[in-house]
Each structure stands twice: as structure tokens, then as C-alpha cells.
Amino acid sequence: MGDRGTQASSDRPGWQNGCGSRQRSSEGRTGSRRLIVLDASSAVELLGGSPAAVGVATIIESERGTVPAHFDAEVYAAFRRRFRQGLVDRDRLEFVARRLPSLPVERVSLTSLLWEAHLLADRLSSSDAFYVALARLHDCELVTSDGRLARDAFDLAHIRLITAPETSL
102 MGDRGTQASS
112 DRPGWQNGCG
122 SRQRSSEGRT
132 GSRRLIVLDA
142 SSAVELLGGS
152 PAAVGVATII
162 ESERGTVPAH
172 FDAEVYAAFR
182 RRFRQGLVDR
192 DRLEFVARRL
202 PSLPVERVSL
212 TSLLWEAHLL
222 ADRLSSSDAF
232 YVALARLHDC
242 ELVTSDGRLA
252 RDAFDLAHIR
262 LITAPETSL
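Per our numbering, the sequence shown starts with residue 102, numbered consecutively.
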């Protein structure tokens, strides 16, 4: 996976002005944290402790995250599936169930995204369409570790593909 991500065309409205830059106050200081959409695959990497988790954690700490409301169900379902397959143990599943609700991301109602997701659903899975719709709504970056989503949506939104760091042998 040498492809680290693909940028959408720079003719998207507002693209040149920081992709959703927002000001916030932190202990009396004003700083800028970009808004990003985090997809379920990135959260699975983070909560599963994969090699890509460090990259996802860095992004969550330095950016403001937003997700469609189905995010928690999708992430939990991925771990539940892995548990049934014997790929993770009950401790990991319980860790995910406890930690997932406290991930510092804003959950956005699906109803506000439904029409845009509908328009995108011929090219993307129904679930992925909501992440892309949210990124388009806020004109911001979609962070994913899903290579297929990155390929399928490269011209629909700005995509940051998170992969595990390459290691030398």
C-alpha cells in the first residue's frame, strides 16, 4: 500500500482555505484544529492496537473529528465479527465497548446526511456514502484505512489513507 492518499480537485469550494479550519480556545490560547471525518476502519485500527493505530491517534489528538451517527455501531460490529471469528478475545471486545463512546468525535445525525449519501450510494457502499457525504458537507478531509473507500471516493472528497508504517527488514 504505497498510496498514502489522494486529494480531490482543488476546484472544490473552500478547498484552498484550510479544509474546515476552526478556531478554538484552549487554556486561554487560541489555536486552529482542522475538522476531519474519521471513518470506522480508522477507529478499528486505533481500538484494535494495529500498527496504524499510532497514526490514527496522532490525527485524533491534533484534529477535530466528526463522524456519522452509525459510526459506533459499525466499529462495534467489526469487533464483534472478529470476536466470533476468534481473532480478538472478550477483553478486547469489552475494551472497545467501554472506550468507543468516549472517542473525542462529534456524532452527526444520519438524517442530515441522507440525501447526499443517497446521491453517492451508486458508487459507494451505503455505509461509506455517509462518511463521504459528511466530508463533503463540511468540505474537509476523510481519514480512512480502507483502501477500497480511498480508491472509490478519490474524486468525491479529500481522502487521507492511513496505513501501517513501513518497517525495514
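Glycine residues also receive a C-beta, built at the ideal position from the N, C-alpha and C atoms.
Taking the C-alpha atoms as reference points, what is the distance between L225 and S143? 17 angstroms
If you draw a straight line from the C-alpha of T131 to the C-alpha of R185, how long is it? Caution applies to T131, whose pLDDT of 36 falls short of 50 and renders its modelled position unreliable; the value that the coordinates give is listed next. Cα to Cα, T131 sits roughly 46 angstroms from R185.
Please report the distance separating the alpha-carbon of A178 from that of S133. 34 angstroms
Identify every residue that forms a DSSP beta bridge with V209. P169
When the Cα atoms are used, what is the spatial distance from E162 to V138? 13 angstroms
Give me whichever residues DSSP pairs with L139 in a beta bridge. V244
If contact is defined by three or more beta carbon pairs under 8 angstroms, each pair taking one atom from either stretch, is the segment 208-217 in contact with the segment 233-242? yes
Assuming R224 is part of the alpha helix (DSSP H), what are its boundary residues? R224 -> no alpha helix (DSSP H), and no H or E assigned at all.
Between the alpha carbons of A258 and L201, how many angstroms are there, rounded? 25 angstroms
Distance between R199 and C241 (C-alpha atoms, nearest Å): 29 angstroms
Using CA atoms only, rank isn't needed, just tell me which of L147, E164 and H239 is closest to V176. L147
Inter-residue spacing [alpha-carbon to alpha-carbon] between V209 and D229: 14 angstroms
Suppose you measure from the CA of I260 to the CA of A254; what does that come to, to the nearest Å? 8 angstroms
First and last residue of the uninterrupted alpha helix (DSSP H) at E195: R191 to R200
If we ignore side chains and look at the alpha-carbon of each, how far apart do S203 and F172 end up? 12 angstroms
Alpha carbon to alpha carbon, what distance is there between T264 and A251? 12 angstroms
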